[in-house]
Each structure stands twice: as structure tokens, then as C-alpha cells.
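Shown next, in C-alpha cells, is the structure this report addresses.
Residue numbers (this note's numbering): 7 to 314.
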């Protein structure tokens, strides 16, 4: 016997996100009535995660579905929604949810104008497009935006997928998404740069060296916030920071790299935050910034640790 409130779900975009969310909704006993998949990779993903679900044209999916999930790139979302509105595809009472982090429900105005119900359901997780993502959803939160009366519907859909909904105001969506991108995307860049440096000096398995350090750092940061901060910048070790900057400047000059720029930006931001928390005196903060910009140690030459 089917559970009450089960929906016919259409997935537009069988990318890494769409196919996984479709599988999660299917596991909650909703019926996935169709999926759009253009590339060969998308078709294979749909076949693996949504076996037996027909691959259909987008307009056919919208016509059949009570809940339409728009899992398309941010830049394609507005044009897709407007194009379907011009075709008269949206139906009164239909639920239309997009998975973009950047946008709230404002971009779905053509959906609202047609009498359908706009929802924004963004999973705060990176996806592989494989079945293991379904397990990861259990530890995942979704940034959810909807009209006040419809927010419980959006939250219920997220809970049914095994995740935790967090309400995000329409006006805050860009900051919300920037926070996630800053944390996740830039971490990948930082790990890649650190791995590159270690590999260049002969470390055969940088991931084995970095893995325990990064996992412990992340756990400490999530548990304790900025009080978990350690390292030469937080200690005011100007000589060490200066040596780092000079070594990275020489490395980048030979390799045509981008490591120094990233190190400088993050070290300066770390120094400012340490200064705001009273960990660094203004003189130390000035010396660290000078060392980062010039790669040379200031004239006083003493770091805080050297005086201890």
C-alpha cells in the first residue's frame, strides 16, 4: 500500500545532483515519472541510479510530474524556467523545486505566475553522482527557501530524503552559497597546492601526510571554531612566515605557480582574525603583513615565540 502524499516526480537534469536526489525521493516511495539526460554520462547515471525510469523530453516531464526537480547549472536555470513558461508548461498547484545554491525562489517567478509552487532545495554537499551519495545525504543539510506557507512542504521533502532542512531567507541566498563555495571549493585548491609542494620535494604520498592533519584540523575547527587556530601566523612567528613567503616566491618563479598568492591571502586573513581576537599585537600584525608582502623579516627580527 502506497504511503499517503506520494508524488509523481520529474527530474530535469541527470547530473550528479539530479540523479541522486531522484533516487532519494524514489527511496521515499515517490514515483519518478521521467528524467532528462542529454549526455552519455547522464544517461548512464540515470540508468544506474534510476533504473526503469524513462528518459523523456523536458516538456513531457513537466506535463507528467506533480513535483519537478530542476537540477541544472545556475546560469541555465532562469532561461529554462522562462522558456517552459512561454510554452505554457507549468501547471497550477504543481511543485517546482530547483537545487541551485545561489538562488532562492525569486528566479522561479514564471512558475509562480502560472499558479505553480516554487521551492529552493540546495544540498550543502559535494556529489560524485554515485550511490554512495545516498548515504552521505544522511549527514547532509539542505538550504531551503520557500514562501512561509509552503516552507513545511520543502522541509518535509528534505526530511524524506534523509537530510536536515535549514531555512535560508531569500535575501541571504548569495551569502549562503558564497560561504559554502569558499569552504568547499577553496579547500580543494588548498589541498591540491599543498600536495603539489610535497610531491615536488619527493614525498611520494602527499595524501597520507596531509590526510590525518586535515581531518584533525577540520574536526577541531568545527568543534572549537577559531580557538582551534594554531601555526606561525597565530603565534606571531614573523621569521617563519617570512621564510615561507620567500620559499614560495622562489618556487612559483620556477614553476609558474599560484601558491604564493593563495598563501599570502589566507595568511593575511588569518592574521587579521587573530588580531581581532587579541592573539596578535598591532606591531606583530604589521610585521607579518610586511613579511608576507616582501618575503623579508622586519628589522626587529623577533617573533613572539623567540621571546619565550
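Even glycine gets a Cβ: it sits at the ideal position worked out from N, Cα and C. If you're wondering where the values come from, they're calculated on a predicted model, not measured in any experiment.
Within its own chain, the residues whose Cβ lies closer than 8 Å to the Cβ of residue 170, once the five positions on either side in sequence are excluded, are 146, 147, 148, 164, listed in chain order.
Along the region 164-216, the beta strand (DSSP E) occurs as fully enclosed runs of 3 or more residues at 170-173, listed in sequence order. Residue environment analysis places residue 92 among the exposed positions, since fewer than 16 neighbouring C-beta atoms fall within 10 angstroms of its C-beta. About 11 Å separates the beta carbons of residue 127 and residue 162, which is beyond the 8 Å limit, so they are not a contact pair.
Cβ neighbours of residue 77 within its own chain (closer than 7 Å, five residues either side excluded): 17, 18, 19, 21, 23, 24, 27, 105. In this structure residue 51 is buried. Its beta-carbon is surrounded by 16 or more other beta-carbon atoms within 10 angstroms.
Under the three-state reduction of DSSP output, residue 224 falls in the helix class. Following the DSSP letters along the chain, one finds residue 260 inside the alpha helix (DSSP H) bounded by residues 244-261.
Put simply, the backbone Cα of residue 275 is about 18 Å away from that of residue 197. In this model, residue 135 and residue 284 are separated by some 44 Å (Cα to Cα). Across the set 223, 101, 228, the C-alpha of 223 shows the shortest separation from the C-alpha of residue 236.
Going by DSSP, residue 119 is part of the alpha helix (DSSP H) stretching over 115-119.
The beta carbons of residue 72 and residue 14 sit closer together than 7 Å. For residue 89, the enclosing alpha helix (DSSP H) starts and ends at 80-92.
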